[in-house]
Amino acid sequence: MNKRHHNFWMENLFRPVFELNLAVIWISGGIFTLLAGVTSTMEADARLPMLVGFSMIIVGIIRIKQGVPLMKRQYALFVNYFYKIKGAKFRKKNIAHKDTAFLGRGYEWGPEIAQRAYQVMNMSTKYTDVKLPFILKPLAMQFKETTRKLGGKPWIHGLGDEEEIDASESIFHAHTVIFGNPGTGKTTLLSMLSRGAMHRDNVIIIVDPKNDNDWRSRVQAEAEVMGVPFHFFHPSHPSQSCRIDPLNSYSRSTELASRIASLLPGESDSDPFVQFAWNCIYEIIEAMLYIEEKPQLTSIGHYLMIGKNRLAEKCLHKYFKSTIGENWLQQKGKEMAGLANGDLFNGMIAYYFNVSDSSLHVKALSDMLNMVMHDAAHMSKMLSSTAPLFAQLTSKPLDDLLSPTLHMDERDELSPIVDIDRLVHTGGVLYVALDSLSDQMVASSIGKLICADVCAASARRYNFEKGEGKRVSIFIDEAHAVINEPILNMLAVARGAKFELYVSSQTLPDYIAKTSEAQARRILGLASNLFCLRVNDNITQEYATENFGEGNIKSVGYSLNSGTSTTGALGEFSGGLKEQLSESREKLFPATLLGDLPNLQYIARLADGRKMKGRIPFIIDKAA
C-alpha cells in the first residue's frame with residue numbers, strides 16, 4: 001500500500017543517507033571476517049567465517065541498493081546538465097510516431113512533488129541540510145560550471161524522476177501559449193515544436209520579429225532534408241526575400257478593407273476615424289474591382305491619398321462606354337463640359353448624377369464620386385492616421401515585397417511571389433522575419449497584415465472546404481507586437497479549419513500593454529496548452545501557477561514550553577515538547593519558483609490534463 005495513505009506518514013528524501021553508513025559498516029565487517037577466516041591459524045571450520053562474511057557483504061549491498069534512490073535524488077538537487085539529442089534521431093522518432101509529439105525530458109508534477117518542493121524551500125540558503133555523500137561530491141564538481149551557466153535552482157527539476165515526454169499531437173489542435181524571459185530557451189522550444197510539426201507533414205508559417213538566425217537556419221535545413229519548399233521573407237534583405245501579396249486572396253472585398261483597417265490605431269472598431277478610413281478604403285477597392293484593376297497596397301494607397309480623381313475618371317469612362325457607347329466622348333463630351341463651365345471631369349460627374357438614367361447607376365461608382373466630392377479638409381483630417389500607414393507599407397523595398405507584380409523574368413525566379421492561400425493547400429514553410437529591432441512600427445504592421453491573410457485562408461477553408469486539407473501550424477514569436485482581431489478569431493474558431501497556433505511572448509503584461517487585461521485573458525483562455533519558462537513578474541507567475549491547482553501540503557511544527565507557579569514550592573516547574581503534523585491547502589507549484597527555473601526548463605499545462613515539469617533539448621545537427 002502507498003504510504004501516502006497513512007495519515008501520520010511524511011516523506012523525507014533529504015535526510016542523511018544512513019543506509020550508506022550502514023553499508024560501509026556491513027561490508028567492512030564482512031571483508032574483515034573473510035580475511036580473519038582466511039588468515040586464522042586456529043583449527044576450525046573455515047566455512048563459517050566465509051558464510052558470515054559473505055552474508056554481511058550481501059546485507060551491505062542491500063543497504064546500498066536501499067540508499068541509491070536517496071543518493072540519486074540528493075545528487076539531482078545540486079547538478080544540472082545540457083540535454084542534447086541528435087537531429088537524425090529526433091526526426092526519426094517523430095516520423096515513426098506522427099500521432100505523438102516529443103516534448104523533451106521531464107516528469108508529471110503532482111502533490112508528492114509539491115511536498116518535496118516545499119521541504120527544500122524551507123532549507124537553509126546553501127542547502128546545508130542535505131549532506132551529499134562523499135562519493136558523489138567529485139561527480140557534482142564535474143557539472144559545477146554547466147550548472148552555473150544554466151542558472152536558476154537545479155533542485156527544481158531534481159524533485160522527480162525524469163524520462164522522455166511524449167504527448168498526443170492532437171493536444172496542439174487546441175492552440176498553445178508560451179511565456180519566457182529572454183535567454184531562457186523560448187526560441188529553442190519554438191524550434192523544437194516547429195520542426196516536430198514539420199515531421200507531422202504540417203504546413204509551417206513562422207512570424208519572427210527578430211529574425212532569429214538559429215531558428216531560421218535549423219528550420220530551413222530541416223525543410224531541405226524533408227524535401228519541403230522553404231520561403232524566407234525579410235524587409236531588410238529584399239534580394240534574399242520572397243514577395244508576399246497579403247491582399248491577393250479574398251472572398252469579399254470587405255475582407256481587404258478590414259485587413260488594412262485593423263492596422264490603424266484606435267481604441268476599438270467603433271472608433272470614428274477607423275470607421276471612416278475603412279469606408280474610404282472599401283470604396284477605393286470596390287472602384288478598382290469595377291474597372292478590373294487588382295487591389296494592392298501601393299495602388300490603394302495611391303488612389304486614396306492623391307489619385308481619387310484619376311480612379312473616378314477611369315470608372316466614369318467605363319460606365320459611359322457601357323451605357324452610351326464606344327464614342328461617348330465625341331457624342332456627349334461637349335454637353336458634359338458645358339454642365340461644369342468647361343470642366344470635363346466635373347461635367348462627367350454632373351451628367352452621371354443629373355442626366356443619366358439612375359436605374360443604370362453603379363454603386364461602386366456612385367460611392368467613388370461621393371468620396372471625390374467630399375470636403376477635402378475634413379477627409380484629410382479623418383485620414384490623418386491612414387496616410388502614415390500606407391507610407392510605411394509602400395515605401396521601398398516594401399512596395400515590391402508587399403505589392404509584387406509578375407515580370408516573368410529572372411527576378412521572379414530569385415524572389416518568388418508566395419500566395420499564402422496556395423501555400424496552405426500545397427504545403428511548405430514560410431518564415432517571416434519582421435526586423436522589429438530596426439523599425440518596430442512597420443514590423444508590427446507587416447506582421448498583422450500577414451496574420452490577417454492567414455486568418456482569411458483559414459476562413460475560406462472553413463467555409464468552402466469543410467475544414468479539409470493539410471494541418472497548418474502557425475508560430476508567432478513576440479505575439480503581443482502583432483496581436484489583432486484576426487489572430488483572436490483564429491484562436492477562437494480556426495481549429496475547425498485545421499489551423500493550430502503557437503503564440504509566444506515574454507510575459508502576460510506584454511499582452512495587457514498592447515491590448516487590455518480582458519483581451520489578454522481572452523487570449524490565454526482560448527489556448528488549452530501553456531508552456532512557461534523562467535519569468536520574473538508576479539502577474540505571469542500567478543497565472544501560470546494557477547493552472548497547476550492546489551493540494552494538501554504537510555508540515556511539522558514544534559513547540560517547547562516551561563513554567564513555574566508562584567504558589568508552588570521552589571523546585572516545582574512544568575515543561576513540555578510538542579510535535580505537530582498538520583496539513584494546509586497550498587499551490588502545487590509555488591509561484592516564486594518560476595523565477596528560479598534554470599534556462600531550458602519549463603512547466604506546462606497540457607490539453608490532456610497533465611501538469612509537467614520539462615527540460616528542453618538541444619537538437620544537434622551535423623552542421624551545428
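So the sequence shown is numbered by UniProt numbering: it starts at 1 and just counts up by one. Note that CB positions come from ideal geometry on N, CA and C, so glycine has one too. As the structure is a prediction and not an experimental result, all values here were calculated from the model.
Residue pairing of Asn-552 in beta bridges, as defined by DSSP: Arg-585.
Bounds of the beta strand (DSSP E) holding His-231 are 230-233. The C-beta distance from Ala-223 to Met-198 rounds to 7 Å, short enough to fall under 8 Å. About 10 Å separates the beta carbon of Gly-106 from that of Arg-610, a gap too long to meet the 8 Å contact definition.
In this structure, Leu-383 sits away from Leu-393, with a CB-CB distance that is not shorter than 9 Å.
Comparing alpha-carbon positions, the option among Glu-163, Ile-57, Pro-133 lying closest to Lys-613 turns out to be Glu-163. Around the beta carbon of Ser-168, a 10 Å sphere encloses fewer than 16 other beta carbons of the protein chains shown; the residue is thus reported as exposed. Secondary structure at Cys-532: strand, using DSSP grouped into helix, strand and coil. Ranked by Cα distance from Glu-286, the first of Glu-255, Met-305, Glu-485 is Glu-255. Ranked by Cα distance from Leu-488, the first of Thr-515, Tyr-303, Tyr-127, Ile-260 is Thr-515. Contact check between the region 246-260 and the region 447-466: three or more CB pairs, one atom from each, fall below 8 Å, which counts as touching. When only Cα atoms are considered, Gly-325 and Ile-306 end up about 29 Å apart. Note that the C-beta distance between Asn-599 and Gly-152 is below 9 Å.
By the Cβ rule, the region 497-507 counts as touching the region 524-541, because three or more pairs are nearer than 8 Å. The region 199-215 and the region 89-101 touch, with three or more beta-carbon pairs separated by less than 8 Å. Counting only the Cα atoms, Arg-534 lies some 7 Å from Asp-596. Between His-234 and Ala-433, the CB-CB gap stays under 9 Å. When DSSP states are grouped into helix, strand and coil, Leu-577 belongs to the strand group. Tyr-290 and Asn-484 have their C-alpha atoms roughly 30 Å apart.
When the Cα atoms are used, Thr-386 and Leu-449 turn out to be separated by approximately 14 Å. Bridge partners of Asp-166 according to DSSP: Phe-102.
Restricting attention to Val-24, Ser-239, His-302, the CA atom closest to the CA of Pro-416 is found in Ser-239. Boundaries cannot be given for Ser-124, as no alpha helix (DSSP H) includes it and DSSP labels it neither H nor E. Of the candidates Ala-261, Val-59, Leu-20, Pro-154, Ala-261 places its Cα closest to the Cα of Ser-445.
Non-local beta-carbon contacts of Glu-517 in its own chain, meaning distances under 7 Å to residues more than five positions away in sequence, are absent. In the same chain as Met-348, and ignoring 5 residues on each side of it, the C-beta atoms closer than 6 Å to its own belong to Leu-316, Met-336, in chain order. In this model, Pro-182 and Gln-506 are separated by some 7 Å (Cα to Cα).
Less than 9 Å separates the beta-carbon of Val-207 from that of Val-482. CA-to-CA, the gap between His-237 and Ile-244 works out to about 14 Å. In the three-state reduction of the DSSP assignment, Thr-405 falls in the coil class. Per DSSP, the unbroken beta strand (DSSP E) holding Val-432 starts and ends at 429-433. If you look at Val-355, you'll find it isn't in any beta strand (DSSP E); DSSP assigns it neither H nor E. For the options Tyr-319, Asp-399, Leu-437, the alpha carbon positioned closest to that of Met-368 is the one of Tyr-319. For Leu-560, the three-state secondary structure derived from DSSP is strand. Runs of the beta strand (DSSP E) spanning 3 or more residues and lying entirely within the region 167-235 occur at 176-179, 203-208, 230-233, in chain order.
Excluding the 5 residues flanking it on each side, Glu-542 has same chain C-beta neighbours closer than 7 Å at Ala-591, in chain order.
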